[in-house]
Amino acid sequence: MSAHLLEVKHASKVFQVGGLINGSKLVAVNDVSFTIEKDRPEIFTIAGESGSGKTTLTRMLLRDLEPSSGDVLFEGKSVTTIRKRADFAAFMKTVQPVFQNPFETFNPLRRVEEYLFDTAVNFGIAKDRKSAVEVVDKALHSVGLSLEELSRRYPHELSGGQIQRISVARSLISHPSLILADEPVSMVDASLRMAIVNLFKKLRDEEGVSVIYITHDLATAYYISNRIAIMLRGYVVEMGPVEAVLGNPLHPYTQLLKESVPAPDPVDKEAWAKRIGLSTQEVKEYGQKGCKFASRCPKVSDKCREADPPDVEAEGRTVKCYLYGSAS
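Just so you know, the UniProt record's numbering puts 216 at position 216 of the sequence shown, and the rest follows in order with no gaps.
Next comes the structure, spelled out in structure tokens:
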């Protein structure tokens with residue numbers, strides 16, 4: 001049996017953009033590899049600006065998209081081989097998602113508790129609604145809520161923070177080994193972000209659940225992560241312990257991201273609300289030859305524009321840059 005809970009092996013995803021004749025190919029995820037160990041629960045962050053490929057990668061991990069090349073293995077078995085409904089249900093029982101917009105998770109015309117009861121029954125955690133009450137209430141208590149306070153309430157009657165915590169509670173009902181949280185705090189107030197990220201830390205430390213945390217928010221990533229992978233135009237350009245990568249970034253792109261984090265300023269609330277986005281120039285970087293950061297990098301050399309840099313080990317992390325190791 002594999003020692004890896006999750007293993008991503010040189011996974012890539014290519015999309016056809018435009019027509020088959022006049023269109024082009026967009027490599028949204030390019031040769032990404034990493035592992036999550038079974039006996040070492042952790043919070044592994046995948047960070048980058050909008051359009052970096054992190055959500056596409058998440059969809060591959062959830063088997064929502066199939067890799068164009070490479071593979072994703074869960075407990076030693078390729079997720080691409082899952083075909084039967086029963087096998088897919090078993091996979092989803094142990095790998096649970098938490099999505100960015102909590103209100104999209106729940107039908108506004110259906111009471112929230114019904115989703116929780118259905119989850120318990122459908123995954124075989126409880127045989128019927130009556131026996132599911134204790135299971136559901138326990139999951140809600142783990143996120144600071146209770147079945148009593150949510151009873152007979154619809155999504156619009158709850159705050160964004162409550163709905164997101166309910167989403168996490170729903171994911172816990174099946175006792176997963178891995179949670180994939182895609183921008184889970186971007187739609188909630190700043191005052192609630194710490195409550196949710198602290199919940200992920202609690203799940204790791206007390207329940208032994210590993211979390212893949214997808215975000216553009218380096219502040220929360222630094223606070224909760226064990227390791228972090230920085231993505232740029234489909235590539236992982238730097239990966240390692242969060243203290244090393246964000247404390248002393250090596251790749252020029254990681255350095256730029258760190259510099260883009262606004263200093264704590266309670267007056268300038270708009271600075272913290274902005275998402276890092278793609279400019280027209282940055283969209284072109286997907287198709288350019290060589291390093292995708294070459295057009296913006298202050299340390300660029302001719303070879304950076306000619307071919308993709310190799311992955312090298314430097315100062316306790318992996319970095320895709322000609323400035324380090326044997327690539328320098």
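Think of the CB as a built atom: it goes at the ideal place given N, C-alpha and C, for glycine as much as any other residue.
- Each residue's CA atom was taken as its position, placing residue 247 and residue 170 some 34 Å apart.
- Secondary-structure assignment with DSSP links residue 14 through a beta bridge to 27.
- Taking all protein chains in view, the Cβ of residue 48 is crowded by 16 or more other Cβ atoms within 10 Å, so the residue is classified as buried.
- The beta carbon of residue 88 lies closer than 7 Å to those of 82 in the same chain, with the five residues before and after it left out.
- Around the Cβ of residue 188, a 10 Å sphere holds 16 or more other Cβ atoms; the residue is buried.
- One thing to note: residue 178 has its Cβ within 7 Å of the Cβ of residue 95.
- Taking the Cα positions, residue 199 is about 8 Å away from residue 142.
- In its chain, beyond the 5 residues on either side, 43, 45 and 242 have a beta carbon closer than 6 Å to the beta carbon of residue 225.
- No Cβ-Cβ contact shorter than 7 Å links residue 72 with residue 33.
- Inclusion of residue 97 and residue 62 in the CB contact set at 7 Å is warranted, their separation being smaller than that value.
- For residue 244, same chain residues with a beta-carbon under 7 Å away, outside a window of 5 residues either side, are 315, 316 and 317 in chain order.
- Under the three-state reduction of DSSP, residue 100 is assigned to coil, being neither helix nor strand.
- Here residue 143 carries a coil assignment [DSSP, helix/strand/coil].
- Annotated as distal: residue 51 and residue 231, with beta-carbon spacing of 7 Å or more.
- Assignment of residue 300 by DSSP, reduced to helix, strand and coil, places it in the coil class.
- Take the alpha-carbon of residue 227 and the one of residue 234: they are about 18 Å apart.
- Shown here for residue 301: same chain residues with a beta carbon closer than 7 Å to its own, the five before and five after excluded, namely 322 in chain order.
- Per DSSP, residue 311 lies in no alpha helix (DSSP H); the unbroken beta strand (DSSP E) holding it starts and ends at 311-314.
- A straight line joining the alpha-carbon of residue 107 with that of residue 309 spans about 46 Å.
- Per DSSP, the unbroken alpha helix (DSSP H) holding residue 247 starts and ends at 242-247.
- In the structure shown, the three-state DSSP call for residue 131 is helix.
- Looking at the DSSP output, residue 74 shares a beta bridge with 6 and 77.
- The alpha carbon of residue 161 has as its nearest neighbour, out of 144, 174 and 172, the alpha carbon of 144.
- In this structure residue 253 is in contact with residue 237, their Cβ atoms being roughly 5 Å apart against a cut-off of 8 Å.
- The C-beta separation of residue 174 from residue 41 comes to about 17 Å, leaving the pair out of contact by the 8 Å criterion.
- In the three-state DSSP reduction, residue 188 falls in the coil class, being neither helix nor strand.
- Ranked by Cα distance from residue 12, the options 28, 240, 158 and 288 are led by 28.
- Where residue 178 is concerned, there is no enclosing alpha helix (DSSP H), although the beta strand (DSSP E) around it starts and stops at 178-182.
- In chain order, 227, 316, 317 and 318 place their CB closer than 7 Å to the CB of residue 240, counting only its own chain and leaving out the 5 sequence neighbours on each side.
- In this structure, DSSP gives residue 52 a state outside helix and strand, which the three-state scheme calls coil.
- In the three-state reduction of the DSSP assignment, residue 168 falls in the helix class.
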